[in-house]
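Chemist: Numbering (the numbering used here), first residue to last: 157 to 488.
Every residue, glycine too, gets a C-beta built ideally from N, C-alpha and C.
Pasting a structure below so you can have a look.
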Amino acid sequence: MNLSLSKNSRLTYTYLSMIIISAMFLLSVVLNNILLNNGKGRKMTLFEEKTHSIYFLEQCNCPSDRIKYEIIPKSRKRLLTYKHRLAVLVPYRERFEELLEFAPFMCKFLNNQKINYDIYILNQVDHYRFNRASLINVGFLQIQADYDYIAMHDVDLLPLNSNLTYHYPEQPHHLAAPNLHPRYNYEKFIGGILLINRYHFQMVNGLSNRYWGWGLEDDEFYVRLKDAHLNISRPQNINTGRHDTFRHIHGRERKRDTVKCDNQREITRKRDRQTGLHDVKYTVNSSKELEIDGALVTVINIHLHCNHTATPWCDCSNKKPETEKTKKIKGK
Ligand SMILES: *[C@@H]1O[C@H](CO)[C@@H](O)[C@H](O)[C@H]1NC(C)=O
Ligand SMILES: *[C@@H]1O[C@H](CO)[C@@H](O)[C@H](O)[C@H]1NC(C)=O
Ligand SMILES: *[C@@H]1O[C@H](CO)[C@@H](O)[C@H](O)[C@H]1NC(C)=O
Ligand SMILES: *[C@@H]1O[C@H](CO)[C@@H](O)[C@H](O)[C@H]1NC(C)=O
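Written out as structure tokens, the structure reads:
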């Protein structure tokens, strides 16, 4: 009897140690996985994803030690008390150096003001000419359910004066005012940085989709706001001037796409009562979270569609450009 008891307990002991050993093995596997998936483990995802043709990363010589491409867990998103939500909409194409400065700078600036915001990089991936206005329309359509105001924001303009407020605008609020912008000083200028709430943006049907190439889309938007009897406010209490209110980081010598072809010049000088938010044609090819020096932005890769009958100037290659007034056509 004694013998069988001790046999039994020896058996139990063997089972117990087997269970303990396998539990330790499992634990080490789990721990190992957790450690690998943190920190450096993420970088592998970056390169794996890169091979799945992320256009954004392929456009540049990315300093991969500074950026991370990953899905950010919801828990890491900010939870602030400010009741309004701002979507910073940044039209974008091949400006990676500027984005590297823009993202961390803006996050710091907006955090200081306790704004509840997210930054969206609206990356145009089609081969048409740059269309800032349509990109903003698309960005708005993508985010409108979650935010009640937007900032239409150039990637190369950084606010330096902390009195420039990004709080909810009751009326469209033009931050890059003509007396403050380093470059543009005409009274009706509303480009650079403009805050507008969701209701007003919808009310004026967003921006015109006819502006392929550089310029004038903001002037047309000015007329939309005026026609809707909206008052545009501008910053108050700014003691800085044209050279120290913003930093203009227009990197290197970048040529602006000022070419005009077909009847572009004629059409884009008129108020557009047809196109806008409701009829912008596009495909969102993908959308990714990107972290730059700890600053989170969402990159939306947007393929714009062009109606070649309505706006043939979305592609001026293989066409004879109108040369009058397009000054800098040296060489080439
Ligand atoms: C704009 O300002 C004018 C004059 O101050 C005012 O009468 C009008 O109500 C304002 N418009 C809106 C939409 O607030
Ligand atoms: C910001 O506004 C305050 C209050 O009006 C003013 O005293 C201060 O000089 C302003 N600062 C700058 C840098 O403009
Ligand atoms: C994006 O999607 C459109 C429509 O499906 C497609 O024609 C285009 O080739 C895609 N763009 C890229 C860069 O893959
Ligand atoms: C393209 O634009 C033309 C002229 O404005 C219009 O008649 C036509 O319906 C448009 N096509 C599409 C597919 O939207």
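Are three or more beta carbon pairs between the stretch 437-453 and the stretch 387-400 nearer than 8 Å?
Modeler: Flag = no, the stretch 437-453 and the stretch 387-400 do not touch.
Chemist: Is it buried or exposed, SER209, if we count other Cβ atoms within 10 angstroms and call 16 or more buried?
Modeler: Locating residue 209 in the sequence shown gives position 53, counting from the first residue. Low local confidence applies: a pLDDT of 28 at SER209 is under 50, so the model's placement there is unreliable, and no value is given.
Chemist: Whose CA, out of SER364, ARG380, GLU326 and PRO315, lies closest to the CA of ASN268?
Modeler: Counting from one through the sequence shown, the residue named residue 268 turns up at place 112. Ranking SER364, ARG380, GLU326 and PRO315 by Cα distance to ASN268 puts PRO315 first.
Chemist: In angstroms with no decimal places, state the Cα-to-Cα distance between VAL244 and LEU255.
Modeler: Stepping through the sequence shown from its first residue, residue 244 is reached at position 88. Stepping through the sequence shown from its first residue, residue 255 is reached at position 99. If you take the alpha carbons of VAL244 and LEU255, they lie about 13 Å apart.
Chemist: Find out if the Cβ-Cβ distance for the pair PRO328, LEU386 is shorter than 8 Å.
Modeler: The residue you call residue 328 lines up with position 172 of the sequence shown. The residue you call residue 386 lines up with position 230 of the sequence shown. Yes, they are a contact pair.
Chemist: Considering just the uninterrupted stretch of the alpha helix (DSSP H) at ARG354, what are its terminal residues?
Modeler: Within the sequence shown, residue 354 is the residue found at index 198, counting from 1. Its alpha helix (DSSP H) spans residues 354-359.
Chemist: By a C-beta neighbour count over all protein chains shown, 10 Å radius and 16 as the cutoff for buried, is THR401 buried or exposed?
Modeler: Against the sequence shown, residue 401 aligns to sequence position 245. Flag for THR401 reads buried.
Chemist: Report the three-state DSSP secondary structure of TYR248 (helix, strand or coil).
Modeler: As a first step, residue 248 must be located in the sequence shown, where it is residue number 92. It is a strand residue.
Chemist: Which one of ILE277, ASN463 and ASN272 has the shortest CA to CA distance from ARG448?
Modeler: Sequence index remark: in the sequence shown, residue 448 carries index 292 (1-based). According to the sequence provided, residue 448 is Ile. The question's Arg does not apply to it. Nearest of ILE277, ASN463 and ASN272 to ILE448, Cα basis: ILE277.
Chemist: Below 8 Å on the Cβ atoms is my guess for ILE349 versus ALA307; work out the distance and round it to an integer in Å.
Modeler: One-based indexing of the sequence shown puts residue 349 at position 193. One-based indexing of the sequence shown puts residue 307 at position 151. Correct: roughly 6 Å between the Cβ atoms.
Chemist: Verify whether the separation of the beta carbon atoms of LEU460 and GLN358 is less than 8 Å.
Modeler: Residue numbering aside, residue 460 sits at position 304 when the sequence shown is read from its first letter. Residue numbering aside, residue 358 sits at position 202 when the sequence shown is read from its first letter. Taking 8 Å as the Cβ cut-off, LEU460 and GLN358 do not qualify as a contacting pair.
Chemist: Let me have the residue list for ligand 3: C-beta closer than 5 Å to any non-hydrogen atom, ordered along the chain.
Modeler: After applying the 5 Å Cβ criterion, the set is VAL281, THR439, ASN441 and HIS459.
Chemist: Go to PHE377, then tell me how far its alpha helix (DSSP H) extends in each direction, as first and last residue.
Modeler: On the sequence shown, residue 377 is found 221 positions in, with the first residue counted as 1. Here the alpha helix (DSSP H) through PHE377 covers 373-383.
Chemist: What does DSSP give as the partner residue(s) for LEU452 in the beta ladder?
Modeler: Here residue 452 corresponds to residue number 296 of the sequence shown, with the count starting at 1. The partner list for LEU452 (beta bridge, DSSP) reads GLU447.
Chemist: Is the separation between the beta-carbon of THR465 and that of ARG366 shorter than 8 Å?
Modeler: Counting from one through the sequence shown, the residue named residue 465 turns up at place 309. Counting from one through the sequence shown, the residue named residue 366 turns up at place 210. Taking 8 Å as the Cβ cut-off, THR465 and ARG366 do not qualify as a contacting pair.
Chemist: Please list, in chain order, all residues of the same chain as TYR171 whose beta carbon is under 7 Å from its beta carbon, the five residues on each side excluded.
Modeler: Here residue 171 is taken as the residue at index 15 of the sequence shown, counted from 1. The answer is none, since no qualifying residue turns up.
Chemist: Between LEU291 and the rest of its own chain, which residues show a CB-CB distance below 7 Å, the 5 nearest in sequence each way excluded?
Modeler: The residue labelled residue 291 in the question sits at position 135 within the sequence shown. Hits under 7 Å: PRO247, LEU278, GLN280 and ILE458.
Chemist: So which residues put a beta carbon under 7 Å from any heavy atom of ligand 4, going in chain order?
Modeler: Those residues, listed in chain order, are ASN463, THR465 and ALA466.
Chemist: If we ignore side chains and look at the alpha-carbon of each, how far apart do ASN419 and VAL436 end up?
Modeler: Reading the sequence shown from its first residue, position 263 is the one you call residue 419. Reading the sequence shown from its first residue, position 280 is the one you call residue 436. Going from the Cα of ASN419 to the Cα of VAL436 covers about 20 Å.
Chemist: Smallest Cα separation from GLU250: which of HIS399, ARG412 and ASP471?
Modeler: Working through the sequence shown from its first residue, we reach residue 250 at position 94. Answer by Cα proximity: ARG412.
Chemist: On the three-state DSSP scale, how would you describe TYR169?
Modeler: Locating residue 169 in the sequence shown gives position 13, counting from the first residue. TYR169 falls in the helix class under three-state DSSP.
Chemist: For the candidate residues GLY369, TYR324 and ASP374, whose alpha-carbon lies nearest to that of TYR342?
Modeler: Locating residue 342 in the sequence shown gives position 186, counting from the first residue. Nearest of GLY369, TYR324 and ASP374 to TYR342, Cα basis: ASP374.
Chemist: What does the shell around ligand 2 hold, if a residue joins when its beta-carbon is under 6 Å from any heavy atom?
Modeler: Cβ-based neighbours of ligand 2 within the cut-off: ASN317, ASN319, ASN393, ILE394, ASN395 and THR396.
Chemist: Do you know how far the Cα of HIS356 is from the Cα of ARG388?
Modeler: Position 232 of the sequence shown, counted from the first residue, corresponds to residue 388. Position 200 of the sequence shown, counted from the first residue, corresponds to residue 356. Per the sequence presented here, residue 388 reads as Ile, with Arg not at that position. Their backbone Cα atoms lie some 11 Å apart in a straight line.
Chemist: Give me the residue from SER364, ARG288 and ILE423 with the minimum Cα distance to VAL311.
Modeler: Position 155 of the sequence shown, counting from 1, holds the residue named residue 311. Out of SER364, ARG288 and ILE423, ARG288 has the C-alpha closest to the C-alpha of VAL311.
Chemist: What are the residues that DSSP puts in a beta bridge with ASN279?
Modeler: For the purposes of this step, residue 279 is identified with residue 123 of the sequence shown, where counting begins at 1. According to DSSP, ASN279 bridges with TYR248 and ASN457.
Chemist: Please return the same chain residues whose Cβ sits closer than 7 Å to the Cβ of ARG403, not counting the five positions on each side in sequence.
Modeler: Position 247 of the sequence shown, counted from the start, is the residue given in the question as residue 403. So the qualifying residues of the chain are LEU314 and LEU316.
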